[in-house]
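Novice:
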Amino acid sequence: MIMVANVGEFRAGVRDTLPLMLGVFPFGLAYGIFAQSVGLTPAETIFMSLTVFAGAAQFISLPMFAAGAGLVMISLTALLINLRHLLMGASLVPYMEKLSLPWKAFLCFGMVDETYAVTISRAQAIGYSRDYHFGCNATGYVTWAVSTVLGVVLGSHISDPLAWGLDFAMPATFLALLIPRLTDRTSLTVCLVAAVVSVAAALLIPGKWYIIVACLTAVAAGAWLEGDEADAV
Amino acid sequence: MRFEVALTILCMAAATYFTRFASPLLLGRTGVPRWMARLLKHVPTAMLAALIAPALLAPQGYLQIGPGNHYLLAGAVAAFMAWRRQHPAVTMGSGMAVMLILRMGGFGV
Chain B
0 MIMVANVGEF RAGVRDTLPL MLGVFPFGLA YGIFAQSVGL TPAETIFMSL TVFAGAAQFI
60 SLPMFAAGAG LVMISLTALL INLRHLLMGA SLVPYMEKLS LPWKAFLCFG MVDETYAVTI
120 SRAQAIGYSR DYHFGCNATG YVTWAVSTVL GVVLGSHISD PLAWGLDFAM PATFLALLIP
180 RLTDRTSLTV CLVAAVVSVA AALLIPGKWY IIVACLTAVA AGAWLEGDEA DAV
Chain P
0 MRFEVALTIL CMAAATYFTR FASPLLLGRT GVPRWMARLL KHVPTAMLAA LIAPALLAPQ
60 GYLQIGPGNH YLLAGAVAAF MAWRRQHPAV TMGSGMAVML ILRMGGFGV
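Read top to bottom, the protein sequences are chains B and P.
Under numbering that gives the first Met the number 0, the final residue of the first sequence carries the number 232; numbering is consecutive throughout.
Under numbering that gives the first Met the number 0, the final residue of the second sequence carries the number 108; numbering is consecutive throughout.
#1: For the alpha helix (DSSP H) holding B:TYR30, just list the boundary residues, first then last.
#2: Can you give me the Cβ contacts of B:ALA4 inside the same chain, cut-off strictly under 7 Å, excluding the 5 residues immediately before and after it?
#3: In the structure shown, what three-state DSSP assignment does B:THR40 receive?
#4: DSSP three-state call for P:VAL108: helix, strand or coil?
#5: If you draw a straight line from the alpha carbon of B:TRP208 to that of B:VAL198, how long is it in whole angstroms?
#6: Give the straight-line distance between the Cα atoms of B:PHE64 and P:GLU3, rounded to the nearest whole angstrom.
#7: Considering only residues of the segment 19-55 of chain P, which uninterrupted alpha helix (DSSP H) runs meet the minimum length of 4 residues and lie entirely inside it, listed in chain order?
#8: Mapping DSSP to helix, strand and coil, what is B:THR114?
#9: From the DSSP output, in three-state form, read off B:VAL232 for me.
#10: Which value, in whole angstroms, describes the spacing of the CA atoms of B:MET2 and P:ASN68?
#11: Does DSSP put B:ASN5 in a helix, a strand or coil?
#12: Consult DSSP for P:GLN59 and reduce its assignment to one of helix, strand or coil.
#13: Hey, quick one: how far does the alpha helix (DSSP H) through B:ASN136 stretch, first residue to last?
#14: Can you give me the start and stop residues for the alpha helix (DSSP H) that B:ALA68 sits inside?
#15: Counting Cβ pairs closer than 8 Å, one from the segment 217-228 of chain B and one from the segment 66-82 of chain P, do we hit at least three?
#16: When the Cβ atoms of the segment 18-29 of chain B are set against those of the segment 141-148 of chain B, are three or more pairs found closer than 8 Å?
#17: Mapping the DSSP letters down to three states, classify B:LYS97 as helix, strand or coil.
#18: Rounded to a whole number of angstroms, what is the C-alpha to C-alpha distance between B:GLY206 and B:LEU17?
#19: Taking buried to mean at least 16 other C-beta atoms within 10 Å of its own C-beta, is B:THR182 buried or exposed?
#20: By the three-class DSSP mapping on this structure, what secondary structure does B:GLY226 have?
#21: Does the Cβ of B:THR114 have 16 or more other Cβ atoms within 10 Å, making it buried, or fewer, making it exposed?
#22: Is the Cβ of P:ALA75 closer than 7 Å to any Cβ of chain B?
#23: Starting from the Cα of B:GLU225, find the closest Cα among P:ALA48, P:LEU56, P:ALA36 and give me that residue.
#24: For P:ILE64, which residues in chain B fall below 9 Å Cβ to Cβ?
#25: Using a C-beta cutoff of 7 Å, does P:ILE100 count as contacting chain B?
#26: Go to B:THR172, then tell me how far its alpha helix (DSSP H) extends in each direction, as first and last residue.
#27: Would a check of beta-carbon distances place B:SER99 closer than 7 Å to chain P?
#28: Nearest to P:ALA5 by CA position, among B:THR76, B:SER48, B:LYS97, is which residue?
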């Protein structure tokens, strides 16, 4: 049974995730608006936000729907874009070990960049809490659903919010999550390696592969650096 | 809702859910080996940096380092606020305010 045992932890999860939703909201709005403009019905648009719940994959599917791409093509693209979830999920495993399978399955559904980053930062700093994790996920999910519906309703009445610079909301959100993590030499190195490799890879490799390439390189650099330090002691 | 579109959306959902649940499902039984745990610890930092850097340094798909790049300027302000331990809402709000001012002022591109 999925029930919140510790309401305080759940609330803490909501409280810590809520400010970051400022960055998610414009994307939900924009998705709702774009989906209408490529000819998805309101029901289809909202259905996708409720079942897929992954901004990048949803956005990229829109021009594909418009161009009449098939089911296999669109689903495969979603799979490729979301491959980074494999790494994110793996890094959560040590914390979720004691949860029952239904809880694991349930909490994994709500894993998006923002809810993941808030949850794991708390787990690494203070400790993991299932209900805190749930609070983060619920906040992300409700925000995505509400902003999608608003985008659908407002539709053609407002101009694309991303055109007036609100697409900056995404990197701004991630900066608010990243900077507090940079507390020692290893984390700074991981960050720098990821930054350099991701920019180079984004310019050289098509698609979203740059995220995975940069992530793997930086993670290896971090482990190698720590291994060196451990040997030195 | 058209049947074909609904089916495609459900397949997208299944593909996405697979990426989210595959690792916990497979590693949940065996546990994470120590060498892998050492790597995985750095995933959040690496992933966030990999999402941010291209969005700020190459917002239009090519490298733009200079005052003409609004994303870089607004990102620098947001990063500074976060470094000064401001609340996430302040970090994001100040960055977005800079972005809007640069846009509406018509500075640069």
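In this text, a Cβ means the ideal position worked out from N, Cα and C, and glycines have one as well.
Specialist: In short:
#1: Position 31 of the first sequence, counted from the start, is the residue given in the question as residue 30 of chain B. Counting along the chain, the alpha helix (DSSP H) containing B:TYR30 begins and ends at 20-36.
#2: One-based indexing of the first sequence puts residue 4 of chain B at position 5. Excluding positions up to five away in sequence, the list reads ASP130.
#3: As a working mapping, residue 40 of chain B is identified with position 41 in the first sequence. Three-state result, B:THR40: coil.
#4: As a working note, residue 108 of chain P is residue 109 in the second sequence. Note that P:VAL108 scores 48 on pLDDT, short of 50, meaning its location in the model is unreliable and no value can be drawn from it.
#5: Mapped onto the first sequence, residue 208 of chain B falls at position 209. Mapped onto the first sequence, residue 198 of chain B falls at position 199. Distance between the alpha carbons of B:TRP208 and B:VAL198 is about 11 Å.
#6: The residue labelled residue 64 of chain B in the question sits at position 65 within the first sequence. The residue labelled residue 3 of chain P in the question sits at position 4 within the second sequence. About 11 Å.
#7: 33-39
#8: Here residue 114 of chain B corresponds to residue number 115 of the first sequence, with the count starting at 1. Of the three classes helix, strand and coil, the one that applies to B:THR114 here is helix, per DSSP.
#9: Reading the first sequence from its first residue, position 233 is the one you call residue 232 of chain B. The predicted position of B:VAL232 is uncertain, since its pLDDT is 44 and thus under 50; a value taken from the coordinates is nonetheless stated next. Coil.
#10: Start at 1 with the first residue of the first sequence, and residue 2 of chain B comes out as number 3. Start at 1 with the first residue of the second sequence, and residue 68 of chain P comes out as number 69. Using only the alpha carbons, I get a separation of about 47 Å.
#11: By one-based count along the first sequence, residue 5 of chain B stands at place 6. Correct three-state label for B:ASN5: coil.
#12: To locate residue 59 of chain P, count along the second sequence from 1; it is residue 60. Here P:GLN59 sits in coil by DSSP.
#13: Working through the first sequence from its first residue, we reach residue 136 of chain B at position 137. 129-153 is the extent of the alpha helix (DSSP H) around B:ASN136.
#14: The count along the first sequence starts at 1 and reaches residue 68 of chain B at position 69. B:ALA68 -> no alpha helix (DSSP H), and no H or E assigned at all.
#15: no
#16: yes
#17: Reading the first sequence from its first residue, position 98 is the one you call residue 97 of chain B. Of the three classes helix, strand and coil, the one that applies to B:LYS97 here is coil, per DSSP.
#18: In the first sequence, residue 206 of chain B corresponds to position 207, counting from 1. In the first sequence, residue 17 of chain B corresponds to position 18, counting from 1. Roughly 30 Å separates the two Cα atoms.
#19: As a first step, residue 182 of chain B is located in the first sequence; it is residue number 183 there, counting from the start. Burial call: exposed.
#20: Counting from one through the first sequence, the residue named residue 226 of chain B turns up at place 227. Three-state result, B:GLY226: helix.
#21: Position 115 of the first sequence, counting from 1, holds the residue named residue 114 of chain B. B:THR114 comes out buried.
#22: Within the second sequence, residue 75 of chain P is the residue found at index 76, counting from 1. No, its Cβ sits nowhere closer than 7 Å to a Cβ of chain B.
#23: Residue 225 of chain B sits at position 226 when you count from the first residue of the first sequence. Selected option, being the one with the closest Cα: P:ALA36.
#24: Your numbering for residue 64 of chain P matches position 65 in the second sequence. Within 9 Å Cβ-Cβ: nothing; P:ILE64 doesn't reach chain B, min ~10 Å.
#25: Here residue 100 of chain P refers to the residue found at position 101 of the second sequence. P:ILE100 does not count as touching chain B.
#26: Counting from 1 along the first sequence, the entry for residue 172 of chain B is found at position 173. Run containing B:THR172: 168-177, per the alpha helix (DSSP H) assignment.
#27: Your numbering for residue 99 of chain B matches position 100 in the first sequence. No, B:SER99 lies away from the interface with chain P (no Cβ there is under 7 Å from its Cβ).
#28: One-based indexing of the second sequence puts residue 5 of chain P at position 6. When only C-alpha atoms are compared, the closest one is B:SER48.
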